[in-house]
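Notes to accompany the following structure.
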Amino acid sequence: CPFCEKWFKDVEPNLIKDYVDTGKVKFAFRHFAFLGDESTWAAQASECANEQGKFWEYHDYLYKNQGPERSGTFAKDKLKGFAQTLGLDSAKFNSCLDSDKYAKSVTDDQTAGKEAGVNGTPTTFVNGQLVLGAQPYSAFKAILDGELAKTK
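Each position in the sequence shown, counted from 1, maps to that position plus 13 in the numbering used here.
So this is what it looks like as structure tokens:
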């Protein structure tokens with residue numbers, strides 16, 4: 014999703030650096046693959062990469078190489094090529110992706126998201142507080158700092 018790409022480029026790196034890497038907060042990623050097959054395949058592919066300890070590298074590569082929605086950018090053959098570029102064991106990755114072994118996990122993430130009020134991406138939760146859209150880093154900083162102040 015183009016708004017997720019914006020969030021990835023403008024917000025996520027700062028949140029990781031300022032809050033996650035410093036041990037102030039934990040960051041959990043959940044899939045909300047709602048843009049058709051390519052979106053679902055990309056989510057599954059990132060879980061296959063995770064089997065080889067490369068979830069975040071694969072995640073980053075997807076966002077850095079994102080094309081227009083439903084353009085073939087995340088077709089299975091391209092996702093397999095991304096894995097090879099990142100040095101993953103291609104045979105294991107390809108077998109994983111072709112098996113659809115993470116289809117239920119990706120669907121479960123989306124179902125849980127819908128039940129929690131997610132209807133688009135990016136959506137973030139901070140201690141249960143729903144933050145919709147590609148908000149600027151300053152908005153997340155204010156929310157996180159406010160939540161952290163409550164713990165002191």
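Yeah, the Cβ is synthetic: ideal placement off N, Cα and C, and Gly gets one too.
Pair within 7 Å by beta-carbon distance, residue i and residue j
i, j, result
"Leu28", "Glu82", "no"
"Ala62", "Thr53", "no"
"Val139", "Glu160", "yes"
"Leu92", "Ala58", "yes"
"Tyr150", "Val24", "yes"
Under the three-state DSSP convention, the category residue i falls into
i, result
"Phe16", "helix"
"Asn107", "helix"
"Ser84", "coil"
"Tyr115", "coil"
Separation of residue j from residue i, as counted between CA atoms
i, j, result
"Lys39", "Trp69", "15 Å"
"Ala116", "Lys165", "41 Å"
"Phe42", "Gln123", "12 Å"
One or two residues paired with residue i in a DSSP bridge
i, result
"Gln142", "Val139"
Neighbour-count burial assignment, residue i, 16 or more Cβ in a 10 Å radius
i, result
"Phe87", "buried"
"Phe106", "buried"
Residue-level contact to chain E via CB, residue i, 7 Å cutoff
i, result
"Asp113", "Among the chains of the structure shown, chain E does not appear; only one protein chain is present."
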